[in-house]
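Student: Structure provided below as structure tokens; questions to follow.
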Amino acid sequence: LEELSRRRIYHSFNPQGIGIIAASILTFGTEEQKKRWAIPLLRTEVTAALGMSEPGAGSDLAGLRTRAVLDGEHFVVNGQKVWTSGAHDADVLLTFVRTDPAAPKHKGISVLLIPTDTEGVVRRPFASMAAQDDLDFNEVFFTDVRVPRENLVGPLNKGWSVAHGSLGHERTMLWLSFAERLDDLIRDAPSDEEWYATLLMDAQALRLLGYRQLGGDRDPAELSVLKLLGTEAIQVASLHALEDRG
521 LEELSRRRIY HSFNPQGIGI IAASILTFGT EEQKKRWAIP LLRTEVTAAL GMSEPGAGSD
581 LAGLRTRAVL DGEHFVVNGQ KVWTSGAHDA DVLLTFVRTD PAAPKHKGIS VLLIPTDTEG
641 VVRRPFASMA AQDDLDFNEV FFTDVRVPRE NLVGPLNKGW SVAHGSLGHE RTMLWLSFAE
701 RLDDLIRDAP SDEEWYATLL MDAQALRLLG YRQLGGDRDP AELSVLKLLG TEAIQVASLH
761 ALEDRG
């Protein structure tokens with residue numbers, strides 16, 4: 521993965537599916553879900569997208585309103601997701617839904633695997649302001665979508681812990697790109713500048729934390745630090761590089 525990142529080559533055309541969703545299913549899913557979805561995702565036989573963000577619930581996942589009501593052996597899902605990268609090409613959505621509206625904000629959330637060919641699922645790709653030709657983002661609408669109860673990932677109403685695990689997998693992968701970008705800046709930076717040493721230390725700290733997480737020591741607090749360190753180090757290093765070039 522480091523070599524692919526170093527050469528700016530995507531390790532997969534479906535990085536969310538492999539790095540986040542398959543890993544989440546392997547952590548929280550049933551044996552049947554692992555066989556049906558996780559293994560094919562890792563083999564790139566199917567693709568997946570992450571259904572988290574909603575209108576009015578972007579960075580605040582606990583504010584989601586997409587509703588899933590248990591009806592016998594099926595959940596009936598109604599609601600909307602947005603900014604769902606790759607949903608137009610995905611075979612399945614790892615979807616965060618509210619199953620207990622009476623519960624406190626961070627509780628009453630569950631996670632469902634929803635195949636995109638299920639009746640009532642509508643996907644509408646759209647572009648970002650930065651890339652008008654790249655229709656990677658999607659709105660996803662759910663209208664009376666019936667999802668088998670066996671597609672529940674993790675315990676009912678315990679989706680917040682699955683969310684933490686999913687984002688943890690994402691942060692574990694992100695540090696690779698952060699580290700390689702720092703290495704590029706280090707190669708181009710004047711070694712006599714006082715910020716050069718800080719850049720070296722940040723890059724080394726990022727790699728050490730990243731290796732520890734890849735080694736299986738998945739501490740949620742350290743994963744958050746890993747993401748914070750990476751983004752802040754890149755911002756500071758890029759600013760210094762711009763100032764150095766006038």
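Taking the working numbering, the leading residue of the sequence shown gets 521, the next gets one more, and so forth.
We treat Cβ as the ideally placed atom computed from N, Cα and C, and that holds for glycine.
Treat the numbers as computed from the prediction; the structure is a model and nothing was measured.
1. Please state if the CB of Val642 and the CB of Ala607 are separated by a distance shorter than 8 angstroms.
2. Less than 8 angstroms between the C-beta atoms of Val667 and Val597, yes or no?
3. Report the three-state DSSP secondary structure of Tyr574 (helix, strand or coil).
4. Pull up the CB-CB distance for Leu561 and Ile541, whole angstroms please, since I reckon it's below 8 angstroms.
5. Spatial neighbours of Lys625 within its chain, please: C-beta separation below 6 angstroms, excluding the five flanking residues on both sides.
6. Please determine, among Gly576, Ser630, Val602, the residue with the shortest C-alpha to C-alpha distance to Phe657.
7. For the beta strand (DSSP E) holding Ser630, just list the boundary residues, first then last.
8. Can you tell me which of Lys678, Leu546, Asn534 puts its alpha carbon nearest to the alpha carbon of Val566?
9. In three-state terms, what does DSSP make of His684?
10. What is the DSSP secondary structure of Ala647, reduced to helix, strand or coil?
11. Rounding to the nearest angstrom, what Cα-Cα distance links Val631 and Leu696 in this structure?
12. Rounded to whole angstroms, what is the Cα-Cα separation between Lys747 and Lys678?
13. Candidates Ala699, Asp703, Phe698, Leu676: which alpha carbon is nearest Ala588's?
14. Kindly indicate which three-state DSSP category Asn677 falls into: helix, strand or coil?
15. Check whether the Cβ atoms of Gly685 and Thr547 sit closer than 8 angstroms, and answer yes or no.
16. Between the C-alpha atoms of Trp557 and Val617, what's the straight-line distance to the nearest angstrom?
Tutor: Straight from the coordinates:
1. Ala607 is not a Cβ neighbour of Val642, given a cutoff of 8 angstroms.
2. Here Val667 is near Val597, since their CB atoms are less than 8 angstroms apart.
3. Contrary to the premise, residue 574 reads as Glu rather than Tyr in this sequence. Strand.
4. Between Ile541 and Leu561 the Cβ distance is about 6 angstroms, and since that is below 8 angstroms, they are a contact.
5. The residues are Ala582.
6. Restricting attention to Gly576, Ser630, Val602, the CA atom closest to the CA of Phe657 is found in Val602.
7. That run of the beta strand (DSSP E) goes 629-635.
8. Selected option, being the one with the closest Cα: Asn534.
9. Judged by DSSP in its simplified three-state form, His684 adopts helix.
10. Residue state, collapsed to three classes: coil.
11. Going from the Cα of Val631 to the Cα of Leu696 covers about 28 angstroms.
12. Between Lys747 and Lys678, the C-alpha separation is close to 24 angstroms.
13. Of Ala699, Asp703, Phe698, Leu676, the residue nearest in Cα terms is Leu676.
14. Asn677 carries a coil assignment under DSSP once its states are collapsed to helix, strand and coil.
15. Using a Cβ distance threshold of 8 angstroms, Gly685 and Thr547 count as a contacting pair.
16. For the pair Trp557 and Val617, the Cα-to-Cα distance works out to about 19 angstroms.
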